[in-house]
Amino acid sequence: MSALSARIALVGNPNSGKTALFNALTGARQKVANYAGVTVERKEGTVKTPAGRTLSVLDLPGTYSLRARSPDEAVTRDAVLGRLAGETPPDALVAVADATNLRLVLRLILELKAVGRPMVLALNMYDIAQRQGLRIDLDGLRRELGCPIVTTVATRKRGIDALTAEVDALLDKGALAGPNQWREPTAAEIRDAHREAQRILRTYVRPPERPDTLTGRIDSVLLHPVAGLAILLALLFLIFQAVFAWAAPLQDLIDLGFQGLAGLVGQVLPDGLLRSFITDGLIAGVGGVLVFLPQILVLFLFIILLEDSGYMARAAFLMDRIMGGAGLHGRAFIPLLSSFACAIPGIMAARVIDTRRDRMTTILVAPLMTCSARIPVYTLIISAFIPSERVWGGLSLQGLVMFGLYAAGILSALLVAFVIRRVFWRGAVEPFLMELPTYKLPAFSSVARGLLQRAEIFIGRAGRIILPLMVLVWFLSSFPAAPPGAESPIDYTFAGRLGHFLQPLLAPIGFNWQMTVALIPGFAAREVAVAALGTVYAVGDAEANIGALATQLHHHWSLATGLSFLAWYVFAPQCLSTLAVVRRETNSWVWPAVMVAYQGGLAYLAAFIVYRTAVAFGAG
Amino acid sequence: MSSTPTTPPTMAQDASPAIRLSQARPGDAGWIVEVRQQSGRDRSLPPEELERRLLEFGFVEGATVELLHEGPVGGDPIAVRLDDMRVALRRDDAHEVWIRLAAEAK
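Protein chains in written order, with our numbering: chain A, 1 to 620; chain D, 1001 to 1106.
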C-alpha cells in the first residue's frame, strides 16, 4: 500500500457538535497544541478511511462566518483559505452542521463553497432531527449544494465510516481546490446569502413536527431573574464545597502513597545527600503538587459539564449585566470562570472576546480569579489555622473561609476591571451576541477525555516546570552545608541567606524568612510555594514531612501571619507561565510588567492591612 | 426605555407599528422588518460592523422573533427566539433591529 494520506479540516458553527465529531473520528489519536505564533488551541487527530488512507483531521474553532472577528475565527478563516502560516492547506473540508439548526450554517456553507475546496457536509445530531420529525430531502440538498452529504450522530459514533468514505470518494475522483472566490461580504451580500439559504431551507427541509420544547421549559427556570440567579450562585457554591469534600479521600490516598514511597527510599538508601535529594527534593516536591490533582479534576469536571450541557452560555447571560457593570464583556465570564482552574487557559480563552480593549481588561484581571494552583496554598494555610468546625447548621468553616477567599478574588477582579474601564479606557462598548444552545446531556466519553487532557496538562506542568524548581529549591536550601553541630543548619544555605536578606522588606506584613524563601519559587508557579515551604521546613527540621506541614506552620506562624499570607495569595503576582502567556497574547512585555506591578502592589497592601488588623485584635 | 418608538422612514405607511427590538417586553413576538446600524452612535466599531454581525447571527429581515427572557439586572440582556434558535443579546445592540409585532392571538 502506498502512503495514502490526506488532510481534512472540520468547519462549523459553535455548538454544532463539531468537537464531538472530531472525537468520534479520531478517538484517542489526537494531539492538542497551539498554532504557530498564536495561542489558539490546535486540535489534530488521525483516522483511517475505508480505502486505507490516513486522514489527518484538524478541528477548527467554531464560527458563524469566514469574516473573522476574533483570533480564533481568524485561524479558521486562514486555515480554510490555506494561508495559515505553518499549516499545509487541507485537501478537503468537512462542514459540520447541527441538522436541527441549519439556517445559519447554510449561509456559512455558501461562503465555504466560494472558497472552492472539495467539501463534504456532515449533518450531525441527525437522530435528534429524526426524533423531532424534521425531514430533510438529502438528495435535493446534495444537488443544490453540489457536495456529498452524510448524516452523523457523533455522540454515538454513527455515520463516521460513511463520512470518511465520502472523503475517500472525493479524493479518489481527484477533486482539487478550485479558484478561491471568497472575499469579505458586505451587509447587502450577507442579506443575499441569507435569502439564498432561506430558499434552500424552504425547498429541502420540512420543519419539525415535534420541535424541542424541553430547552424552553428548562430556560424558563434557569433564566428566571430570581430563581435563575439563585441557582447559578448555589451551583457556584456547590462547586467550591465539592472541590473540598469530594477530593479529600483521594488526596489522603496520594499523600499516603508518597509518604510510603519516601519511607521506602529511606530504608534502602543510607542517610546522606542522595537520600535527602530523593526524599526531600524529588518525592516531597512531586507529591506535594500531585496531591492536588483530585481538586483540579473535580473543578474541571464541573466546568466541562457546564460547557457541554449548554449551561455556560446561560451563566454568561445571567452574569452579563453584572460583569458589564464592572466594565467587562458578558463573554468574559467564560475566560474568568476558566481562570478558576488556571489563569493560562483563562487568558487564552479571552480570545473569544473580539475587541482588544475588552480582551485586555479580561486578561489583566483573569489572574485575580482564584486559580487551582492557589488551592494548595489556601488549603494548607486554612487547615493550619482555621479550625475544622461546622457552623450555621452544618457548613464547614474551612469551606466558608475558602469561599470568602474566592469571593475576595472575584470582587477585586471586578473592581480592577471597573477602574481600568473607567479610568484608562472610556467608551468603546462591544456588541454582545451569543447563541443559547439546546440543552444536552453531556456525553461520558467527551467529559472523560476532557478531564484526561486537563490531567495530562497539569501533570506535564508539574513535571516540566515544577520539578526542576523543586530541585533548585532543595539545592538552595541544602548548600552550602552547615558545619557539623550547627544549631540551625538552614541559616548557612543560599535559601536561608536569601530569605534573611529579603525578610526586612516583607516584615511589615508579618512574613518570616521561611515564607520569603518559599515565595521565590512560588513566583515561578504558585503551587510550588507549598512544596517549597515543605522543603524549607523539612530540611530545617528533620522530623517534618509534607503531611505534617500544616502542624508545623501552626507551630511556627502566628494566626496574623497565616491570614496575611492568605491575603497575599489572593492578589499575589502570578506565576511566570502566566506572564509568558500574557506576553504572547498581547505581544508586548508592557502588559506583563503592568500585571506584576499592580498585583504585587495589591498583594502587599492587602497583606499589610490584614496583618496589622489581626495584630491589633491580638492574633499576632 | 419607555419612550415612544420613532418609526423608521421606510415603515411610515404601514398600519401596525414597528418597534425596536430593544423596546420589546417578554412575550412580544413578531418579525424583523429592518436591521440597520444608526450612524452617529459611538460604538467604536467600523460602519456596518454591528449590522453585519447581527445579520450573521440571523437577525435578518423576515426572521421571526419572540422575546423569551430578560436578564436579572435591569431586564438586560434579552434572550430571544430567532426563527428556530435562541440568541442572547444586549438591548443596546437590539436597538438596531426593528420588529413588527404580530397581532395578538384572538
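Idealized CB from N, CA, C, for every residue including glycine.
Looking at the backbone, the Cα of Arg210 of chain A and that of Thr100 of chain A are separated by about 11 Å. By the CB criterion at 8 Å, Leu58 of chain A and Ala95 of chain A fall outside the cutoff.
Contact check between the stretch 291-311 of chain A and the stretch 382-398 of chain A: fewer than three CB pairs, one atom from each, fall below 8 Å, which does not count as touching. For Ala332 of chain A, no alpha helix (DSSP H) segment is defined, and its DSSP state is neither H nor E. Considering only A:Tyr439, A:Met515 and A:Met595, the residue with the shortest C-alpha distance to Met1085 of chain D is A:Tyr439.
For the C-beta of Asp1028 of chain D, not a single chain A residue is nearer than 9 Å; the gap to the nearest is close to 16 Å.
A distance below 7 Å between beta-carbons, with the five flanking residues on each side excluded, links Gly409 of chain A to the following residues of its chain, in chain order: Leu368, Met369, Thr370 and Val570. In the assembly as shown, Phe432 of chain A is a buried residue. Its beta-carbon has 16 or more other beta-carbons within 10 Å. The shortest CA-to-CA distance from Ala1063 of chain D to any of D:Ile1099, D:Ser1016, D:Gln1023 and D:Leu1089 is the one to D:Ile1099. For Glu1048 of chain D, the closest C-alpha among the options A:Leu104, A:Val105 and A:Ile190 is that of A:Ile190. Taken in chain order, the members of the stretch 1069-1088 of chain D whose beta-carbon sits within less than 7 Å of a beta-carbon on chain A are His1069, Glu1070, Gly1071, Pro1072, Val1073, Gly1074, Asp1076, Pro1077, Ala1079, Asp1083, Asp1084, Met1085, Arg1086, Val1087 and Ala1088. Per DSSP, the beta bridge partners of Leu1082 of chain D are D:Val1065 and D:Met1085. Neighbours of Ser65 of chain A across chain D, judged by C-beta separation under 7 Å: Glu1056.
Where Met434 of chain A is concerned, the enclosing beta strand (DSSP E) starts and stops at Leu433 to Glu435. Between Glu209 of chain A and chain D, the shortest Cβ-Cβ separation is not below 8 Å. The C-beta of Lys173 of chain A has fewer than 16 other C-beta atoms within 10 Å across all chains shown, which makes the residue exposed. Segment contact: the stretch 473-480 of chain A against the stretch 495-504 of chain A, three or more CB-CB distances shorter than 8 Å; contact assigned. A straight-line Cα-Cα distance of about 11 Å links Arg584 of chain A and Val40 of chain A.
Below the 7 Å Cβ cutoff, chain A contributes Pro431 as neighbours of Leu1050 of chain D, in chain order. In the structure shown, Gly1058 of chain D adopts coil according to DSSP, grouped into three states.
The residues Ser309, in chain order, have a CB closer than 8 Å to that of Leu441 of chain A in the same chain once the five nearest residues on each side in sequence are set aside. If you check the CB distance, Pro61 of chain A and Thr76 of chain A come in under 8 Å. In this chain, the beta strand (DSSP E) harbouring Thr54 of chain A covers Thr54 to Asp59. Counted as a single uninterrupted DSSP element, the alpha helix (DSSP H) harbouring Asn23 of chain A occupies residues Lys18 to Thr26. The stretch 101-151 of chain A is shown to contain whole alpha helix (DSSP H) runs of 4 or more residues at 103-115, 126-131 and 138-145, in chain order. For Arg1100 of chain D, no chain A residue has a C-beta closer than 7 Å to its own C-beta; the minimum C-beta separation is roughly 18 Å. In the same chain as Gly450 of chain A, and ignoring 5 residues on each side of it, the C-beta atoms closer than 6 Å to its own belong to Ile304, in chain order. A buried status is given to Ser16 of chain A, since no fewer than 16 other beta-carbon atoms sit within 10 Å of its beta-carbon. In the structure shown, Ile1019 of chain D adopts extended strand secondary structure according to DSSP, grouped into three states. For Arg1090 of chain D, the residues of chain A that pass the 9 Å Cβ criterion are Asp320, Arg321, Gly324, Gly330, Val429, Pro431, Phe432 and Leu433, in the order they occur in the chain. In the displayed model, Ser396 of chain A falls within a strand according to three-state DSSP.
Listed by position along chain D, the residues whose Cβ is nearer than 7 Å to that of Ala593 of chain A form an empty set, because the closest Cβ is around 26 Å away. Contact annotation: Leu163 of chain A and Thr152 of chain A have beta-carbon atoms nearer than 8 Å. Between the stretch 215-231 of chain A and the stretch 109-116 of chain A there are fewer than three C-beta pairs closer than 8 Å, too few to call the two in contact.
At least one CB atom of chain A sits nearer than 8 Å to the CB of Arg1053 of chain D. Residue pairing by DSSP places Gly1030 of chain D opposite D:Val1065 and D:Leu1101 in a beta bridge.
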